[in-house]
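Everything on this sheet refers to the single structure shown next.
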Amino acid sequence: MAYEAFELTVKDHVAHLALNRPGKLNTMIPAFWTEIVEIFKTLEQDPTVRAAVISSTGRHFTAGMDLSVFTSLVPATGDQGRLREQLRRIVLTIQECFNVIEKARFPVLAAIQGGCIGGGVDMVTACDMRYCSADAFFQVAEINIGMTADVGTLQRLPHVLPSGMVRELAYTGRRLSARQALAFGLVNEVFETHDALVDGVLAIAAEIAGHSPLAVAGTKEMLNYARDHSVSDSLNYIATWNAAMFIGNDMAEAFAAKAAKRPPVYEDLQPVTGRLFG
Numbered sequence: 012m013a014y015e016a017f018e019l020t021v022k023d024h025v026a027h028l029a030l031n032r033p034g035k036l037n038t039m040i041p042a043f044w045t046e047i048v049e050i051f052k053t054l055e056q057d058p059t060v061r062a063a064v065i066s067s068t069g070r071h072f073t074a075g076m077d078l079s080v081f082t083s084l085v086p087a088t089g090d091q092g093r094l095r096e097q098l099r100r101i102v103l104t105i106q107e108c109f110n111v112i113e114k115a116r117f118p119v120l121a122a123i124q125g126g127c128i129g130g131g132v133d134m135v136t137a138c139d140m141r142y143c144s145a146d147a148f149f150q151v152a153e154i155n156i157g158m159t160a161d162v163g164t165l166q167r168l169p170h171v172l173p174s175g176m177v178r179e180l181a182y183t184g185r186r187l188s189a190r191q192a193l194a195f196g197l198v199n200e201v202f203e204t205h206d207a208l209v210d211g212v213l214a215i216a217a218e219i220a221g222h223s224p225l226a227v228a229g230t231k232e233m234l235n236y237a238r239d240h241s242v243s244d245s246l247n248y249i250a251t252w253n254a255a256m257f258i259g260n261d262m263a264e265a266f267a268a269k270a271a272k273r274p275p276v277y278e279d280l281q282p283v284t285g286r287l288f289g
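So for the sequence shown, the numbering used here puts the first residue at 12; every next one is plus one.
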């Protein structure tokens, strides 16, 4: 399927989503928001997908929300209470466009070059890991246009960066360089060039895809749960999870492969069809 804002490929258990509007700085046009949900729904239905990479094209990863999206959100005339309730629902729907990244049962890795601005920060903070090129910078730019960021940055970034740094970025709208992003832990690694970045991140995704997809899905579930719950609650959850998941075949395959000195071969997860029956 052809997309307006993305190019999607799936190879060797790794999905690769590339923002493909470099001439427009990969701004997040209306099609972006519908397509990203459609893509992740499609990937969830593909049992061969075990990891995903989001990269981009051109000079900047993304310049953030396109102005056409802002203008389309202006409520029509009418009762203000009802219009504000409608606007709240719209914002929640937009938030879900990045929640799908976090909810995906496979890890999602971001490969960032140039500017990652505004909505770009919302998107990459929903990813499991972030990597960037040496020319990258990150900017919580909403404060510069007189608004409070509302699609995930202020909720997820405090789990990645120190509180004081998050507040400085959010209050000032200044840029965080690739070097600073690495020092503060926003990114795992800085690559010298864009090509090296994409190749390197795809290689990391391939390494993840070589492990048990059931174990990887469980690990992501537990890490996300632990972020939002107490240690006690999280330990209780993993005990229940593994009481069910230990019955799978993957541990036996891992031990057999190690004994035979061969790569393990794991069965794909079942597709998520979205249907209750059939």
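Ideal placement from N, C-alpha and C gives every residue a C-beta, glycine not left out. None of the values given here were measured: they were computed from a predicted structure.
Spatial neighbours of residue i within its chain, please: C-beta separation below 6 angstroms, excluding the five flanking residues on both sides.
i, result
"L54", "A26 and V60"
"V48", "C108 and V111"
"I154", "G184"
"D139", "P118 and V119"
Check the C-beta distance from residue i over to residue j and give it rounded, since I have them as a contact under 8 angstroms.
i, j, result
"P282", "I219", "19 angstroms between Cβ atoms; not a contact."
"L19", "I50", "6 angstroms"
"L36", "T73", "7 angstroms"
"P41", "D279", "Not confirmed; about 34 angstroms, so no contact."
"H24", "A63", "Actually they do not touch by this definition, with Cβ atoms about 10 angstroms apart."
"T284", "Q56", "6 angstroms"
Tell me the rounded alpha-carbon separation between residue i and residue j.
i, j, result
"V135", "P224", "22 angstroms"
"M176", "R186", "11 angstroms"
"T251", "H71", "44 angstroms"
"R32", "T38", "8 angstroms"
"F43", "Y14", "9 angstroms"
"Y248", "F81", "40 angstroms"
"A160", "A271", "53 angstroms"
"A189", "E113", "23 angstroms"
"A181", "M233", "29 angstroms"
"C127", "G157", "19 angstroms"
"A16", "F149", "21 angstroms"
"K22", "L168", "31 angstroms"
"D206", "E46", "25 angstroms"
"A263", "G125", "44 angstroms"
"A115", "Q106", "15 angstroms"
"R275", "A255", "A quick correction: the sequence has Pro, not Arg, at residue 275. Using only the alpha carbons, I get a separation of about 22 angstroms."
"F195", "Y277", "36 angstroms"
"R273", "V132", "40 angstroms"
"E179", "Q191", "13 angstroms"
"P173", "V151", "15 angstroms"
"T88", "R95", "11 angstroms"
"L193", "A268", "36 angstroms"
"G92", "I101", "14 angstroms"
"A137", "N260", "31 angstroms"
"A226", "F266", "14 angstroms"
"T68", "I258", "43 angstroms"
On the three-state DSSP scale, how would you describe residue i?
i, result
"R273", "coil"
"Q166", "helix"
"V201", "strand"
"I258", "coil"
"I128", "strand"
"M12", "coil"
"E278", "coil"
"M158", "coil"
"T88", "coil"
"L30", "strand"
"F17", "strand"
"Q106", "helix"
"A115", "coil"
"S67", "coil"
"D57", "coil"
"P224", "helix"
"T251", "helix"
"V283", "coil"
"V171", "coil"
"S241", "coil"
Let me check one thing: in DSSP terms, what residues is residue i bridge-paired to?
i, result
"I123", "C143"
"V25", "K22 and A62"
"F148", "G126 and S188"
"N73", "A quick correction: the sequence has Thr, not Asn, at residue 73. According to DSSP, which records beta bridges pairwise, T73 is partnered with C127."
"M39", "M76"
Could you name the residues of the same chain whose beta carbon sits closer than 7 angstroms to that of residue i, not counting the 5 residues immediately before and after it, in chain order?
i, result
"H170", "R238"
"D244", "none"
"Y236", "S245 and Y248"
"A217", "D23 and V25"
Give every residue of the same chain whose Cβ lies closer than 8 angstroms to the Cβ of residue i, excluding the five residues on either side of it in the sequence, and list them in chain order.
i, result
"N142", "According to the sequence displayed, residue 142 carries Tyr and not Asn. Excluding residues within five positions, the ones whose Cβ falls inside 8 angstroms are L120, A121, A122, I123, V198, N199, E200, V201, F202, L208, G211, V212 and I215."
"G130", "M39, T73, G75, M76 and V162"
"T204", "S144 and A145"
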